[in-house]
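If you use UniProt numbering, the sequence shown closes out at 79, no skipped numbers anywhere.
Ideal Cβ placement from N, Cα and C applies to all residues, glycine included.
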Amino acid sequence: MTDRQTDRQTDRQTDRQTDRQTDRQTDRQTDRQTDRQTDRQTDRQTDRQTDRQTDRQTDRQTDRQTDRQTDRQTDRQTD
Numbered sequence: 001m002t003d004r005q006t007d008r009q010t011d012r013q014t015d016r017q018t019d020r021q022t023d024r025q026t027d028r029q030t031d032r033q034t035d036r037q038t039d040r041q042t043d044r045q046t047d048r049q050t051d052r053q054t055d056r057q058t059d060r061q062t063d064r065q066t067d068r069q070t071d072r073q074t075d076r077q078t079d
């Protein structure tokens, strides 16, 4: 092999290696970004569900309490 051929061969190998490395880095970065977005979305969804559930529970308790109060007052007035 001549020096030129050897240089070209070395250049090709270096280019391939660089390309593979760049591809790996890009893949990792994309994966991390996707993971972060998915985590945020999941967190927001979970927060919404938790908030709704908490609100419903609070509403039920308040309604029960109000109903009991009203029943007591009505009972007192009736007696």
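Measuring from the CB of Gln53, is there a heavy atom of the ligand ADP at a distance below 6 Å? Absence of the ligand ADP from the depicted structure is noted, as is the absence of any ligand whatsoever, leaving it without description.
Which of helix, strand or coil DSSP assigns to Asp39: helix
Straight-line Cα distance separating Gln53 from Arg60: 11 Å
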